[in-house]
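Enquirer: Below you will find the structure I want to go over with you.
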Amino acid sequence: MIDDEGVAMHLLDIDQLRTFVAIADTGSFTRAAEIVHKTQSAVSMQMKRLEDRVGKTIFERDGRLSKLTDEGERLLDYARRIVRLNSECMASFNDNELTGRVRLGLPDDYADRYLPEILARFSRSNPKAEVTVVCEPSHNLIERVQHSDLDLAIITHVDRRGPSEIVRIEQLLWVTSARHGVHEESPVPLALGRPNCDWRHSATEVLESADRTFRVAYVSYHSTAVGAAVLAGLAVSVLPESAVRPGMRILGPSDGFPALPSCKIGLIRARGEENPLADALGVHIKQSLDNLGSTRTMAPLAAE
């Protein structure tokens, strides 16, 4: 395209940007290809054309891995906004108002942080739709989606549980009360989820590797109860970055608490007949979690 002064203008391709965002969100060219319904070779070709269009290298090799360059990180912020605005623009011209009921599941701690934004955005676009919300642990939600008891669910992604669409990645953090010194006790008391909680497994494995003695003092599926034990100065716990509340202090290696892994947040959907209402809610979930802003430095992308 040529502007009024005869200068060539390089317009960005929405489809390429959508694929680029999918790669960044999933950390994998292969998983991104599944999301955008393209072959892996087509995805690779799209990224080569996107690099040619912006005139910068957006991926670089790091051993067997690929990761975003500084220019790629800069492009990612623009790409997210462009893709989101494109979706919102098209939705604003959709005269076919969706009605009916959609069933959403998510753990209670995700409901506290993410649900207000999700419901606000979705209800503005679909005021006649009914949303049923179920709060349960991730492994329960996966079973309910598989049995079509739920249309879609936001879960903590763990590879062994099967695939999900990664919609957010956050760093897990050690937290204690800002007004107490319980983290200095030995053994350190912990407030954690039930024995099958993946964050609990991460916490205990890290402490055991560091030869830090601990005892599990409080156990609950509900983040509100775990947070109460922390704020009362009774225990140390593990939370994603966005769940840290006023009155909590983040602990690190200098406090004797080694770094924890990141937490992947995934979206899963029930299989079967097409469900436009569930599809629309899924779009709003991804846009809402993206709208919360990045809380991490992007992890290296898996080699393909």
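Per my numbering, the sequence shown runs over residues 78 to 381. Glycine included, each C-beta is placed from N, C-alpha and C at the ideal position.
(1) Would you mind reading off the limits of the beta strand (DSSP E) that contains residue 242?
(2) Using a Cβ-Cβ cut-off of 6 Å (strictly less than) and excluding sequence neighbours within five positions of residue 339, which residues of its own chain qualify?
(3) Is the beta carbon of residue 64 less than 8 Å from the beta carbon of residue 326?
(4) Are residue 266 and residue 292 closer than 8 Å when you measure CB to CB?
(5) According to DSSP, residue 180 sits in a beta bridge with which residue or residues?
(6) Return the chain-ordered list of same chain residues with a C-beta closer than 8 Å to the C-beta of residue 209, the five sequence neighbours on each side being excluded.
(7) Write down every uninterrupted run of the beta strand (DSSP E) in the region 268-305 whose length is 3 residues or greater and which is fully enclosed by it, in chain order.
(8) Can you give the Cα-Cα distance for residue 211 and residue 143, rounded to whole angstroms?
(9) Considering only the beta carbon of each residue, do residue 342 and residue 231 sit closer than 8 Å?
(10) State the CB to CB distance for the pair residue 295 and residue 336, rounded to an integer number of angstroms; the pair is presumed to be in contact (CB under 8 Å).
(11) Apart from the five residues on each side of it in sequence, which residues of its chain come closer than 6 Å, Cβ to Cβ, to residue 334?
(12) Inspect the beta-carbon positions of residue 206 and residue 176 and report whether they are closer than 8 Å.
(13) I'd like to know whether the C-beta atoms of residue 300 and residue 195 end up nearer to each other than 8 Å.
(14) State buried or exposed for residue 123, treating a residue as buried only when at least 16 other CB atoms are found within 10 Å of its CB.
(15) Output the distance between the C-alpha atoms of residue 358 and residue 263, rounded to the nearest integer angstrom.
(16) Leaving aside the five residues before and after residue 322 along the sequence, list all residues of the same chain whose C-beta is less than 8 Å from its C-beta, in chain order.
(17) Where are the beta strand (DSSP E) runs, 3 residues long or more, that stay fully inside the region 91-148, in chain order?
(18) Let's see if you can read the secondary structure: which residues bound the alpha helix (DSSP H) around residue 322?
(19) In three-state DSSP terms, what is residue 344?
(20) Looking at the unbroken alpha helix (DSSP H) that takes in residue 55, where does it start and where does it end?
(21) Does the Cβ of residue 277 have 16 or more other Cβ atoms within 10 Å, making it buried, or fewer, making it exposed?
(22) Apply the 10 Å Cβ neighbour rule to residue 93 and answer buried if 16 or more other Cβ atoms are within range, or exposed otherwise.
(23) Using the Cα positions of residue 316 and residue 283, report the straight-line distance between them to the nearest angstrom.
(24) Exposed or buried, what is residue 130 when buried is set at 16 or more other beta-carbons lying within 10 Å of its beta-carbon?
Expert: The short version:
(1) 242-254
(2) 246 and 248
(3) This structure cannot settle anything about residue 64, because the visible part of the chain is limited to 78 through 381.
(4) yes
(5) 209
(6) 178, 179, 180 and 181
(7) 291-296
(8) 38 Å
(9) yes
(10) Contact doesn't hold; Cβ gap of about 23 Å is too wide.
(11) 251 and 328
(12) yes
(13) no
(14) buried
(15) 47 Å
(16) 304 and 308
(17) 136-139 and 142-145
(18) Careful: residue 322 lies outside any alpha helix (DSSP H) and carries neither H nor E.
(19) strand
(20) Since the first and last residues shown for the chain are 78 and 381, residue 55 lies out of range.
(21) buried
(22) buried
(23) 14 Å
(24) exposed
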